[in-house]
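All residue numbers for the sequence shown refer to the working numbering, where the first residue is 10 and numbers rise by one.
The C-beta atom is built at its ideal place from N, Cα and C for all residues, glycine as well.
Computed from a predicted model, the values in this text were never measured in an experiment.
Contents: one structure, followed by commentary.
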Amino acid sequence: MTTTVRPSSPIGHVAVIIPTYNELANLENIVARARGAAPAADILVVDDNSPDGTGELADKLAAGDDHIRVLHRSAKAGLGAAYIAGFGWALERGYGTLVEMDADGSHDPADLPRLLSALETADLVVGSRWVPGGVVVNWPRSREVLSRGANTYARLMLGIEVHDATGGYRAYRADTLRAIGLEQVQSQGYCFQVDLTLRTVNAGLVVREVPITFTDRTIGASKMSRTVVFEAFWRVAQWGIGQRLHRSRTAAPVPDQTTQIKSQ
Ligand SMILES: Nc1nc2c(ncn2[C@@H]2O[C@H](COP(=O)(O)OP(=O)(O)O)[C@@H](O)[C@H]2O)c(=O)[nH]1
Ligand SMILES: [Mg+2]
């Protein structure tokens, strides 16, 4: 989806941020594939002190490759918090583009070049499962229904046109993240993605969706939980109500018909 045309401009140095919690069996493979797909990019692993030793493996990989960096956090604090920390790290270091990518192989690193080239004419590119050409492989029917439902709910509640606002494979320009008030973001779980999408749209920036093939993880366990779903449900409802109140307060006044008739 393109809301407006944006002139093409360079996207700068790329940081691919990969949050991890217990991804020991997935990390080496995903990092190697990301390195191969975008050799000039740096990879930042943000690990929340995974009990399975993912953080130690990340350090080992980083020791052998200057393009791999690791941010260690003390305890599991949710996907949103991990990304905020990763974004802060990359913004401080002057990267022009910040990519979000899961560690479990659901996001194919081979799609990276397409996301990055779409960003040349956008402020945010969302890898989308729910636009024509988007594909979901091996996802349990229940997860597909949840994702489709959550996206329809978000579109209706928030009045945005993005079809995969919950999608977590995306590329931001650094300037986009500087413009949307990251320091006020409180979303912890998956509604973090919706939160940042809404902020980007409301800032008048250009969001493009490019179709991706999303494949369910084959190794390790999902961190999706009921708490995460409820958080998203309530926060999206609150934002939707907030948007409507704001629009009704700032809407152009309805012309006063009696005055118009009198003045004719
Ligand atoms: N650092 C960090 N990473 C997390 C946390 N929760 C999930 N992740 C990572 O976020 C990515 C997506 O999570 P996943 O469990 O695959 O979610 P699903 O694909 O929606 O089932 C994976 O790389 C996880 O390891 C967290 O609390 N902290
Ligand atoms: Mg996953």
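Whole-Å CB distance - residue i paired with residue j, under 8 Å assumed
i	j	result
GLU109	ILE26	6 Å
LEU107	ALA183	6 Å
ILE39	HIS76	About 14 Å separates the two Cβ atoms, so there is no contact after all.
ARG78	ALA131	About 26 Å separates the two Cβ atoms, so there is no contact after all.
ASP225	GLY177	ASP225 to GLY177, Cβ: 13 Å. No contact.
VAL171	THR206	5 Å
VAL134	CYS200	About 20 Å separates the two Cβ atoms, so there is no contact after all.
ARG95	PRO28	The sequence given here places Gly at residue 95; Arg does not occur at that position. That pair is a contact at about 7 Å.
ALA188	LEU167	Actually they are not in contact, since the Cβ atoms of ALA188 and LEU167 sit about 18 Å apart, beyond 8 Å.
Endpoints, the alpha helix (DSSP H) within which residue i is located
i	result
ASP184	183 to 188
VAL237	235 to 259
ILE52	From DSSP, ILE52 is part of no alpha helix (DSSP H) but of the beta strand (DSSP E) over 51 to 56.
SER151	150 to 167
SER126	121 to 128
VAL40	33 to 46
GLY73	Where GLY73 is concerned, there is no enclosing alpha helix (DSSP H), given that its DSSP letter is neither H nor E.
GLU170	Looking at the DSSP string, GLU170 is not in any alpha helix (DSSP H), and its letter there is neither H nor E.
ALA112	Segment: none, ALA112 is in no alpha helix (DSSP H) and carries neither H nor E.
ALA86	ALA86 -> no alpha helix (DSSP H), and no H or E assigned at all.
Residue i burial status per 10 Å Cβ neighbour count (16 or more: buried)
i	result
GLY136	buried
ILE228	exposed
ARG208	buried
TRP243	exposed
ARG256	exposed
GLU240	buried
VAL14	exposed
ASP57	buried
THR11	Any reading at THR11 is ruled out, since the residue's pLDDT is 46, under 50, leaving its predicted position unreliable.
VAL154	exposed
SER231	exposed
ILE221	buried
ASP204	buried
LEU254	exposed
LEU165	exposed
GLY259	Per the sequence shown, residue 259 should be read as Thr rather than Gly. Flag for THR259 reads exposed.
ILE250	exposed
PRO118	buried
ARG150	exposed
PRO19	exposed
GLN247	exposed
ALA49	exposed
ALA174	buried
VAL219	buried
N- and C-terminal bounds of the beta strand (DSSP E) containing residue i
i	result
ILE20	Here ILE20 belongs to no beta strand (DSSP E), and DSSP marks it neither H nor E.
GLU109	106 to 109
ARG78	77 to 81
GLY136	133 to 137
VAL146	144 to 146
**Report entry** Touch test, the stretch 123 to 132 against the stretch 141 to 150, Cβ-Cβ under 8 Å, three pairs minimum
**Finding:** no
Requested in this report: Go through the stretch 178 to 232 residue by residue and report every complete run of the beta strand (DSSP E) that reaches 3 residues or more, in order.
Outcome: 179 to 182, 216 to 220 and 222 to 224
**Report entry** Segment contact flag, the stretch 79 to 93 with the stretch 155 to 167, C-beta cutoff 8 Å, min 3 pairs
**Finding:** no
Query raised in the report: Quick one: any contact between the stretch 28 to 37 and the stretch 56 to 71, if contact means 3 or more CB pairs under 8 Å?
Result: yes
Query raised in the report: Just checking, does the stretch 82 to 91 make contact with the stretch 189 to 199 on the three C-beta pairs under 8 Å criterion?
Result: yes
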